[in-house]
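Numbering-wise (our numbering), the sequence shown opens with residue 300 and increments by one. Where a beta carbon is used, it is the ideal one built from N, C-alpha and C, also for glycine. Just so we're clear, the structure is a prediction, and the values are computed from it rather than from any experiment.
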Amino acid sequence: MDNSKSEKKPIKVAFPHMGTISIAWSSALRKMGIEPFIPPYTSKKTLSMGTKNSPEAICLPYKLILGNFMEAIEGGTDYVAMITSPGICRLGEYGKSIKNVLSDMGYEANFIEMNLYDGFKGMWKFLVELTGNKNPITIIRAINIAVRKVFALDEIESFYSYYRAREYKTGDSEKAYKKAIRLVDKADTTRELKKALKEGLREIAKVEIDTEKEVLHVDITGEIFLVLDPFSNQYIEKELGKMGVQTRRSLTVSGFLKDAIIPKMCKKGETHLERAYRLAKPYLMRDIGGDALECISDVLYAKERGCDGLIHVSPFTCMPEIMSQNIFPKMREDINMPILSLIMDEQTGKAGYLTRLEAFVDLMRRKKMKNKITQNAKARTTHVKEPV
Numbered sequence: 300m301d302n303s304k305s306e307k308k309p310i311k312v313a314f315p316h317m318g319t320i321s322i323a324w325s326s327a328l329r330k331m332g333i334e335p336f337i338p339p340y341t342s343k344k345t346l347s348m349g350t351k352n353s354p355e356a357i358c359l360p361y362k363l364i365l366g367n368f369m370e371a372i373e374g375g376t377d378y379v380a381m382i383t384s385p386g387i388c389r390l391g392e393y394g395k396s397i398k399n400v401l402s403d404m405g406y407e408a409n410f411i412e413m414n415l416y417d418g419f420k421g422m423w424k425f426l427v428e429l430t431g432n433k434n435p436i437t438i439i440r441a442i443n444i445a446v447r448k449v450f451a452l453d454e455i456e457s458f459y460s461y462y463r464a465r466e467y468k469t470g471d472s473e474k475a476y477k478k479a480i481r482l483v484d485k486a487d488t489t490r491e492l493k494k495a496l497k498e499g500l501r502e503i504a505k506v507e508i509d510t511e512k513e514v515l516h517v518d519i520t521g522e523i524f525l526v527l528d529p530f531s532n533q534y535i536e537k538e539l540g541k542m543g544v545q546t547r548r549s550l551t552v553s554g555f556l557k558d559a560i561i562p563k564m565c566k567k568g569e570t571h572l573e574r575a576y577r578l579a580k581p582y583l584m585r586d587i588g589g590d591a592l593e594c595i596s597d598v599l600y601a602k603e604r605g606c607d608g609l610i611h612v613s614p615f616t617c618m619p620e621i622m623s624q625n626i627f628p629k630m631r632e633d634i635n636m637p638i639l640s641l642i643m644d645e646q647t648g649k650a651g652y653l654t655r656l657e658a659f660v661d662l663m664r665r666k667k668m669k670n671k672i673t674q675n676a677k678a679r680t681t682h683v684k685e686p687v
């Protein structure tokens, strides 16, 4: 007689990559007793697999998500999960389309979606549907650790951007950043997360930097997937950091959580979406889908904050972002701030891309120097005494 006990094998769930979001999701899944399956980070192989099996005119995020799912299923995951949206963006149809493609190709895995705009209820429903676990304490703990990790990761990203633009030795801040990310990833409780965040920030703060260095400040906006995912935007922030540019992402996951997940009573200050409706009005009166409304407002917000320029990254064929780009010329005239629009797809070449970045950085430096000379001249004129 076999006395060995058969243990129920935990289900494996995979999410597509989008920057460091898998770290937050993994924590929530572990709290629910699920094994997170992290597919290989997005690569040229991923892009090739997704592009080969995607409609020709579909955008880059779709192709990368499909490629991520194909690699995850080949790796042995039981579920593939993604977000969906009922709004006026094609994202609302991506889930159904990807599910059909995977099925037609013979990939066997369960497919599950989470609605973006259902907020806290959507996350709750998603976790219950996935696990069958309806214990409210377990679910609240899972959502809590995921949300807190998102904010911790965004704080680390911001800190890293400051040091990356000023480091003496290229690559030092990146090594410290990766160590900080690993610390956050290992934290399973709120207390451990607070400790990991402090240790991670201390690691980055050890990097030797030139505090007197003249750096440029650039905001990055556009379609949220491309803004957050380094592979999609060809590591734009890393390349700009080498050129002495401190970047700030106008679109972040923590910003989205403030709009969609966190209760109003717990929010501090104006959210990104609230600011978008306030600032975008002179140029765009209503939401036209995607992140267009936010992008328009981000230009004006960057000007308010005294940024040296703004970079807009978007996927080829994304209609909301095409609309944004058509408004930018008028905005350039009104606010006198450099704006660079970069359209990305699987054909985007690294060399030409870097050339455009270098030219944009050079333009911002010359403009900043010109403004400084003008201001100094005005200051000298003001202090000249009138003859008696």
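N- and C-terminal bounds of the beta strand (DSSP E) containing residue i
{"i": "Ile610", "result": "608-614"}
{"i": "Tyr467", "result": "It is not in any beta strand (DSSP E) - Tyr467 carries neither H nor E in the DSSP assignment."}
{"i": "Ile382", "result": "378-383"}
{"i": "Ile560", "result": "First-last for Ile560: undefined, no H or E at that position."}
{"i": "Met643", "result": "638-643"}
{"i": "Val544", "result": "544-548"}
Three-way DSSP call (helix, strand, coil) for residue i in this model
{"i": "Asn409", "result": "strand"}
{"i": "Ser303", "result": "Here Ser303 scores only 43 on pLDDT, less than 50, and its place in the model is too uncertain to base an answer on."}
{"i": "His316", "result": "coil"}
{"i": "Asn432", "result": "coil"}
{"i": "Glu391", "result": "In the sequence as displayed, the identity of residue 391 is Gly instead of Glu. In the structure shown, Gly391 sits in a helix (DSSP, three-state: H, G or I)."}
{"i": "Ala371", "result": "helix"}
{"i": "Val687", "result": "Summary for Val687: the model assigns pLDDT 49, below 50, so the residue's position carries little reliability; its value from the coordinates is reported in the next sentence. Looking at Val687 - three-state DSSP - the assignment turns out to be coil, as it is neither helix nor strand."}
{"i": "Gly521", "result": "strand"}
{"i": "Gln646", "result": "coil"}
{"i": "Lys567", "result": "coil"}
{"i": "Lys677", "result": "helix"}
{"i": "Lys311", "result": "strand"}
{"i": "Pro338", "result": "coil"}
{"i": "Asn670", "result": "helix"}
{"i": "Ile439", "result": "helix"}
{"i": "Ile587", "result": "coil"}
{"i": "Asn399", "result": "helix"}
{"i": "Ile333", "result": "coil"}
{"i": "Ile357", "result": "coil"}
Distance CB(residue i)-CB(residue j) smaller than 8 Å
{"i": "Ile503", "j": "Phe450", "result": "no"}
{"i": "Tyr600", "j": "Arg574", "result": "yes"}
{"i": "Tyr652", "j": "Gln533", "result": "yes"}
{"i": "Gly648", "j": "Ile560", "result": "no"}
{"i": "Leu609", "j": "Val506", "result": "no"}
{"i": "Val446", "j": "Ala408", "result": "no"}
{"i": "Leu482", "j": "Ala495", "result": "yes"}
{"i": "Leu525", "j": "Ile455", "result": "no"}
{"i": "Ser623", "j": "Ala650", "result": "no"}
{"i": "Lys308", "j": "Thr437", "result": "no"}
{"i": "Ile397", "j": "Ile364", "result": "yes"}
{"i": "Asn367", "j": "Thr345", "result": "yes"}
{"i": "Ile480", "j": "Thr319", "result": "yes"}
{"i": "His571", "j": "Lys557", "result": "yes"}
{"i": "Tyr340", "j": "Met369", "result": "no"}
{"i": "Ile508", "j": "Tyr462", "result": "yes"}
{"i": "Tyr582", "j": "Ile621", "result": "no"}
{"i": "Leu578", "j": "Arg548", "result": "no"}
{"i": "Gly589", "j": "Glu522", "result": "yes"}
{"i": "Asn443", "j": "Met404", "result": "no"}
Of the listed residues the options, nearest to residue i (C-alpha basis)
{"i": "Leu539", "options": "Pro338, Val660, Arg329", "result": "Val660"}
{"i": "Ile634", "options": "Met348, Ser596, Thr520, Thr673", "result": "Ser596"}
{"i": "Lys362", "options": "Trp423, His316, Leu641, Tyr378", "result": "His316"}
{"i": "Leu656", "options": "Asp558, Phe524, Ile519", "result": "Ile519"}
{"i": "Ala658", "options": "Arg490, Met542, Lys344, Met422", "result": "Met542"}
{"i": "Ile638", "options": "Phe615, Cys617, Met663, Ala650", "result": "Met663"}
{"i": "Leu641", "options": "Phe615, Val598, Asn352", "result": "Phe615"}
{"i": "Lys667", "options": "Tyr462, Tyr582, Cys565, Cys606", "result": "Cys606"}
{"i": "Glu511", "options": "Thr488, Val552, Ser396, Glu466", "result": "Glu466"}
{"i": "Thr430", "options": "Leu572, Ile310, Ser623, Gly568", "result": "Ile310"}
{"i": "Cys388", "options": "Tyr416, Phe410, Ile672", "result": "Tyr416"}
{"i": "Glu497", "options": "Leu515, Tyr476, Ile508", "result": "One detail in the question is off: residue 497 reads as Lys in this sequence, not Glu. The option with the nearest alpha carbon to Lys497 is Tyr476."}
{"i": "Leu515", "options": "Met636, Met404, Pro529, Asn443", "result": "Met636"}
{"i": "Glu491", "options": "Lys448, Ser342, Lys468", "result": "Lys448"}
Residue i - containing alpha helix (DSSP H), residue span
{"i": "Gln624", "result": "618-634"}
{"i": "Arg275", "result": "Residue 275 falls outside the range modelled here, since the chain spans only 300 to 687, and no answer is possible."}
{"i": "Arg501", "result": "489-504"}
{"i": "Thr345", "result": "343-351"}
{"i": "Leu592", "result": "591-603"}
{"i": "Leu539", "result": "535-541"}
Beta-carbon separation (whole angstroms), residue i vs residue j, contact threshold 8 Å
{"i": "Gly375", "j": "Ser384", "result": "Actually they are not in contact, since the Cβ atoms of Gly375 and Ser384 sit about 29 Å apart, beyond 8 Å."}
{"i": "Met643", "j": "Ser531", "result": "6 Å"}
{"i": "Pro338", "j": "Ala371", "result": "4 Å"}
{"i": "Ala441", "j": "Ala313", "result": "Incorrect: roughly 17 Å between the Cβ atoms, too far for contact."}
{"i": "Ile535", "j": "Val612", "result": "7 Å"}
{"i": "Glu603", "j": "Leu550", "result": "The pair is not a contact, with the Cβ atoms about 17 Å apart (cut-off 8 Å)."}
{"i": "Gly394", "j": "Glu373", "result": "About 20 Å; that fails the 8 Å criterion."}
{"i": "Ile322", "j": "Asp484", "result": "5 Å"}
{"i": "Asn432", "j": "Gly332", "result": "7 Å"}
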